[in-house]
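>
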Amino acid sequence: MPSLYVHVPFCVKKCDYCAFYSLPLLNSCEGLADYLRGVAQEIELRSNEAPAGVSSLYLGGGTPTVLSWRQLDDLLKEIHLHFTFLSGQGKEGQSFPEKTTEANPGTITEEKLKVLRDYGVNRISLGAQSFNDRLLYQIGRIHRAQDILHAVKRIRKAGIENLNLDLIFGLPGQTLEDWQDTLRKAVGLSPEHLSVYALTLEEDTPLGKKYLARDLNSFKMSDRDEAGDLPDDDLQADMYEWAVDFLSNKGFRRYEISNFARSGYECQHNLAYWRCEEYIGLGPGAVSCMRRVRSKNIEDMEAYLKDAAAGKRPFDGAETEFLTPEQQMSEYMMLGLRTEQGIDPIDFYHKFQVSIQDIYGQIMANYIDRDVLSISGGRLKIHPNYSFVANSIIKDFIR
Amino acid sequence: MAQASRNIRNFSIIAHIDHGKSTLADRLIEYTGTLSTRELKEQVLDSMDLERERGITIKLQAVRLRYKAKDGEIYELNLIDTPGHVDFSYEVSRSLAACEGALLVVDAAQGIEAQTLANVYLALENDLEIIPVINKIDLPSAEPERVKQEIEDVIGIDASEAILASAKSGLGVEEILEAIVKRIPPPKGDDEKPLKSLIFDSKFDSYKGAIPYIRIFDGKLGKGTNIKMMSSGKVFEIIEVGVFTPGMTIVEELRAGQVGYIAGSIKNVGDTRVGDTVTDADYPSSEPLPGYRKAVSMVFCGLYPVETSDYDRLKDALEKLQLNDASLMYENETSVALGFGFRCGFLGLLHMEIIQERIEREFGLSIITTAPSVVYKVNTINQEQVLIDNPALLPPEGKIESIEEPMVKATIMVPSEYVGTIMELNQEKRGSFLNMDYITASRVSLYYELPLSEIVYDYFDQLKSRTKGYASLDYELIGYKEANLVKLDIMLNGEIVDALSFIVHKDRAYQRGRKLVEKLRGLIPRQMFEIPVQAVIGSKVIARENIRAMRKDVLAKCYGGDITRKRKLLEKQKEGKKRMKQVGNVEIPQEAFMAVLKMDD
Ligand SMILES: Nc1nc2c(ncn2[C@@H]2O[C@H](COP(=O)(O)OP(=O)(O)OP(=O)(O)O)[C@@H](O)[C@H]2O)c(=O)[nH]1
Ligand code: SF4
Ligand SMILES: [Mg+2]
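Those protein sequence lines, which keep their order, are chains H and X.
Reminder that position 310 of the first sequence reads as 310 in this note's numbering, one-by-one numbering, no gaps.
Reminder that position 240 of the second sequence reads as 240 in this note's numbering, one-by-one numbering, no gaps.
1) Under the rule that 16 or more other beta-carbon atoms within 10 Å means buried, what is residue 387 of chain X, buried or exposed?
2) Jot down the residue ranges of each uninterrupted alpha helix (DSSP H) in the segment 410-497 of chain X, minimum 4 residues, whole runs only, in chain order.
3) With burial defined as no fewer than 16 other Cβ atoms inside 10 Å of the residue's Cβ, what is the status of residue 138 of chain H: buried or exposed?
4) Report the option in X:267, X:245, X:9, X:322 whose CA atom is closest to the CA atom of residue 183 of chain X.
5) Check whether the Cβ of residue 165 of chain X lies closer than 8 angstroms to any heavy atom of ligand 1, and answer yes or no.
6) What is the residue span of the beta strand (DSSP E) that residue 5 of chain H lies within?
7) Name the DSSP beta bridge partners of residue 535 of chain X, please?
8) Any Cβ of chain X within less than 9 angstroms of the Cβ of residue 400 of chain H?
9) Given a cut-off of 9 angstroms, decide if residue 164 of chain H and residue 126 of chain H are closer than it, judged by their beta-carbon atoms.
10) Taking just the CA atoms, how far does residue 362 of chain X sit from residue 514 of chain X?
11) Return helix, strand or coil for residue 402 of chain H, following the three-state DSSP convention.
12) In the DSSP output, which residue or residues are listed as bridge partners for residue 77 of chain X?
13) Taking C-alpha atoms, which residue in H:192, H:317, H:33, H:210 lies nearest to residue 264 of chain H?
14) At a cut-off of 8 angstroms, is residue 351 of chain X close to ligand 1 when judged by its beta-carbon and the heavy atoms of the ligand?
15) Does residue 199 of chain X come out as helix, strand or coil in the three-state DSSP assignment?
16) Starting from residue 280 of chain X, trace the beta strand (DSSP E) both ways and give me its first and last residue.
17) Three-state secondary structure (DSSP) at residue 14 of chain X?
18) Near ligand 5, which residues have their beta-carbon closer than 5 angstroms to a heavy atom?
19) Just checking: is the beta-carbon of residue 274 of chain H within a distance shorter than 9 angstroms of some beta-carbon in chain X?
20) Consult DSSP for residue 188 of chain X and reduce its assignment to one of helix, strand or coil.
21) Under DSSP, the beta strand (DSSP E) around residue 296 of chain H begins and ends at which residues?
22) Please check if any C-beta of chain H sits within less than 9 angstroms of the C-beta of residue 564 of chain X.
23) Can you find a CB in chain B that lies within less than 9 angstroms of the CB of residue 399 of chain X?
24) Along the segment 275-291 of chain H, where does the CB come closer than 8 angstroms to a CB of chain X? Name the residues.
25) Just the chain X side, please: which residues come within less than 8 angstroms of residue 164 of chain H by C-beta, in chain order?
26) Can residue 106 of chain X be considered in contact with ligand 1, in the sense that its beta carbon sits closer than 8 angstroms to one or more heavy atoms?
27) Within 9 angstroms (strictly less), CB to CB, does residue 141 of chain H reach chain X?
28) Going along chain X, which residues have a C-beta under 8 angstroms from residue 389 of chain H?
29) At what residue ranges does the segment 345-404 of chain X contain a whole run of the alpha helix (DSSP H), taking only runs of 4 or more?
30) Could you check whether the Cβ of residue 558 of chain X sits closer than 9 angstroms to any Cβ belonging to chain H?
31) What are the boundary residues of the alpha helix (DSSP H) that includes residue 51 of chain H?
32) Just to confirm before moving on: does the CB-CB distance between residue 167 of chain H and residue 183 of chain H stay below 9 angstroms?
33) Can you check DSSP and say which residues form a bridge with residue 240 of chain H?
34) Run through the segment 247-277 of chain H for me and flag every whole beta strand (DSSP E) of 3 or more residues, listed as ranges in chain order.
35) Label residue 213 of chain X either buried or exposed according to how many other C-beta atoms from any shown protein chain fall within 10 Å of its C-beta, with 16 as the threshold for buried.
36) Leaving out five residues on either side along the sequence, give the residues of the same chain with a beta carbon under 8 angstroms from the beta carbon of residue 464 of chain X.
Right, dumping it as structure tokens:
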């Protein structure tokens with residue numbers, strides 16, 4: 001059964017590091033209505049892709065909470081009208097199916113939360129990023145630390161029992177102490193889940209341009225001086241390691257390289273991605289993967305709307321991929337090895353009809369010899385000491 | 001008797017590097033209308049990408065021109081453009097054996113340089129008619145009279161009829177063509193005699209097999225002729241005969257005196273040997289042509305595929321390249337670190353670099369080259385002498401009585417103000433002064449005896465940079481001399497990497513070891529473990545550095561929307577890794593193996 005992702009490509013303002021497809025609203029809210037109409041058309045068009053229903057919902061973005069409560073209501077109504085959700089109870093009393101909405105501090109109101117609750121949204125992923133106002137300002141976030149506290153209070157008041165905070169480390173000018181402080185404050189808010197990312201510089205973002213520029217002179221150095229240097233790899237590794245220790249002491253398990261949760265609160269929607277299960281992505285720029293075909297919707301609002309209005313599936317032909325068995329295996333290993341659970345050779349066999357030994361035996365043996373990989377509980381895992389250099393290992397599993 | 005056509009002229013263009021051979025060939029091609037203006041580009045005979053990128057000729061290249069001379073007759077001119085760099089001198093000597101004459105091009109601003117002399121001597125050995133051409137007289141710094149004088153004084157040939165030319169402007173081209181017709185003798189052969197033709201070059205074509213390039217001395221051949229390779233006795237039927245215009249153009253037949261190519265489904269590369277004589281199997285010649293002296297390799301290095309499974313492809317590549325480059329030598333070799341590969345012999349470092357690049361480009365292979373070495377003579381305590389061209393194979397210290405290294409006599413031509421600089425350089429390079437001549441009042445030839453290994457190392461670069469490019473160098477092997485030499489090994493992660501070992505003079509060992517270890521620390525990327533890098537002589541560690549463990553190599557997040565992108569990113573990184581060689585648990589980039597050479601950067 002696939003999971004369902006719906007992309008809401010709007011933000012109040014673009015953050016300086018962000019390469020997601022999202023349009024800044026600035027002061028005009030036109031476009032939201034068009035989008036809602038278009039996505040409703042796509043929902044209807046594609047509802048037959050999940051005849052047996054979907055296993056989870058993820059409203060992502062962008063910032064889904066830039067929609068008004070009425071607009072949220074419209075969107076969720078369409079979704080629930082056309083897709084059925086698997087129902088039941090998760091383990092440890094966690095409500096099921098998992099329905100997540102991403103949100104930004106500063107865009108959350110009681111009304112919106114109520115609408116979300118009404119449709120069974122039981123998980124909020126809040127883009128906190130940092131509790132340091134100077135750093136928040138420097139990366140172009142619209143909120144401040146105070147806004148996070150308010151947002152969390154409202155979320156809890158609305159009865160949401162599964163809260164994730166996104167945090168970024170490796171920001172320009174960030175010190176280990178800054179990061180420790182952010183983590184302490186985040187944990188102080190008692191979230192169930194934490195996503196902890198190292199900043200990735202993307203070429204076409206203001207931050208990327210500033211720090212990836214080869215010709216340093218072409219940018220105002222004063223800009224950079226003010227923000228400070230990027231923490232080097234060693235400092236980033238220190239930040240990561242500190243986070244892992246700290247969070248583990250506070251009862252969070254690292255169930256994936258960048259994801260930490262209290263027991264039972266692992267994100268089901270993401271776990272499905274990491275197990276290479278199927279998913280349907282709706283909205284401009286959203287990606288679907290069904291029956292080994294990965295397809296991407298047009299990442300352009302106008303063209304998207306045009307296709308949707310014409311009753312055509314609004315996908316971008318040039319981005320369609322028919323995954324070869326080699327590519328599937330590569331992805332299976334790439335994603336699976338990032339998880340704490342690791343990879344189950346039996347599952348591998350079921351999926352690919354070939355033994356993992358036949359494909360990767362030698363590489364595995366070499367790494368197991370050196371205690372980089374281990375087999376425990378019958379599963380193949382990266383030793384936790386090597387999580388932060390996982391790419392070096394995973395690379396060898398790419399075919 | 002049917003004499004070879006009196007209207008054929010065969011000649012090479014020879015010169016020091018960059019004196020304008022290929023540009024002059026352009027003008028001759030242009031003047032005779034062999035190529036249209038549209039087809040003509042600068043140095044059109046430099047057809048290999050590598051030649052064009054580097055602006056030098058690497059391969060000899062033949063081309064047939066049709067020239068209507070002032071006497072009203074039409075002549076067939078077979079021109080062979082040759083390289084000027086010392087590492088490709090084997091191309092020159094092979095070209096000359098297919099000719100009756102040579103245009104000796106001398107840069108009017110620079111005068112006679114080391115390879116001018118070396119190439120002139122080759123031409124004289126072949127009894128060729130030499131036509132001196134003083135080129136680049138359009139340059140403001142041109143001094144044609146001085147250069148004429150140099151030609152007379154240094155080479156000892158009459159320069160009164162030297163032609164003043166500019167291959168840039170076309171000045172003197174007609175005069176050159178007339179001189180070729182008038183002064184170079186026509187070939188002597190006889191069409192009716194048994195076929196006798198010399199393979200002066202060859203190449204491999206995936207459809208037609210090995211294609212020998214030949215100069216016919218006697219007899220004739222055409223499609224259907226059964227030819228016999230005189231060295232092996234193997235017989236092939238010719239299916240195609242052609243000439244170079246400069247592309248391959250099919251003709252009916254080739255006769256005595258002519259230059260062209262033949263194809264005969266010669267699938268086995270080993271069946272065409274440069275220097276071999278091709279005769280008619282049904283009407284054979286009784287004796288072969290003298291052929292060529294083998295090229296003497298100056299430097300050796302190991303060539304290994306990065307992917308061990310590419311061994312057969314590398315072997316195939318070397319076989320085919322050897323067809324096209326008769327000075328390349330190779331034999332099997334194994335390395336503890338690198339597995340199965342080849343020990344290859346080259347005429348110099350540029351030659352080695354070119355072969356490495358051709359393997360990568362023309363055959364799409366990633367390869368590792370190990371540190372270059374010369375051939376040492378090792379006298380063991382049991383009174384045996386072994387030749388060592390691979391430092392890894394040097395017998396243990398206790399078994400060695402003495403080591404001898406190859407010596408060269410180097411000729412350095414330089415403006416006299418640099419004499420001091422050259423002496424200093426040679427002192428650093430363990431050279432001993434032999435002699436000095438004045439070429440003119442302001443230029444001298446210096447003669448030194450030097451260890452070949454020093455020339456191989458960075459001598460040439462140093463010579464050029466210390467004399468602002470004014471010095472030129474030629475050298476020849478003169479014998480062996482005992483020296484205080486030791487083997488320096490490099491240990492990575494506690495294990496000797498045999499491919500990085502080299503032999504060095506004891507007085508330099510410490511300094512080179514330090515530098516190399518530092519260099520390697522910079523070249524080898526951080527890996528999952530800390531890697532000690534040590535330089536050792538015998539069991540004594542003389543230098544050590546640590547490559548710290550890598551701490552970050554991770555993707556921030558992997559969600560549904562960007563799995564493809566992440567996979568592709570890793571695919572790309574994996575590609576990058578392909579240029580690394582896994583030795584034990586350490587990944588070593590290709591450049592690291594060449595670090596020995598580039599320690600002074
Ligand atoms: N000014 C001037 N430049 C020339 C003349 N002939 C050649 N050159 C330049 O000299 C350089 C070397 O010319 P090439 O024809 O490649 O020399 P080459 O002798 O074939 O060089 P190698 O084959 O590498 O030994 C080029 O930049 C030419 O443009 C000339 O008559 N006048
Ligand atoms: S809020 Fe999120 S999606 Fe929007 S610009 Fe910032 S980082 Fe990008
Ligand atoms: Mg040339």
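A virtual CB, placed ideally from N, CA and C, is assigned to each residue, including glycine.
Note that the structure is a prediction, hence the values are computed from the model and not measured.
According to the data block:
1) exposed
2) 419-428, 460-466
3) buried
4) X:9
5) yes
6) 3-8
7) X:490, X:543
8) Nothing about residue 400 of chain H can be reported from this structure: the residues present for chain H run from 1 to 399 only.
9) yes
10) 37 angstroms
11) With chain H covering 1 to 399 only, the question about residue 402 of chain H has no answer from this structure.
12) X:9, X:65
13) H:192
14) no
15) strand
16) 277-280
17) strand
18) This structure lacks ligand 5; its bound ligands are ligand 1, ligand 2 and ligand 3.
19) yes
20) coil
21) 293-296
22) yes
23) Chain labels in this structure do not include chain B; the protein chains are H and X.
24) 279, 281, 285, 286, 287, 289
25) Within chain X, no residue comes near residue 164 of chain H; the closest Cβ sits about 13 angstroms away, beyond 8 angstroms.
26) no
27) no
28) 528, 550, 551, 552, 553, 554
29) 349-363
30) yes
31) From DSSP, residue 51 of chain H is part of no alpha helix (DSSP H); its letter is neither H nor E.
32) yes
33) None, per the DSSP bridge assignment.
34) 253-256, 259-261
35) buried
36) 471
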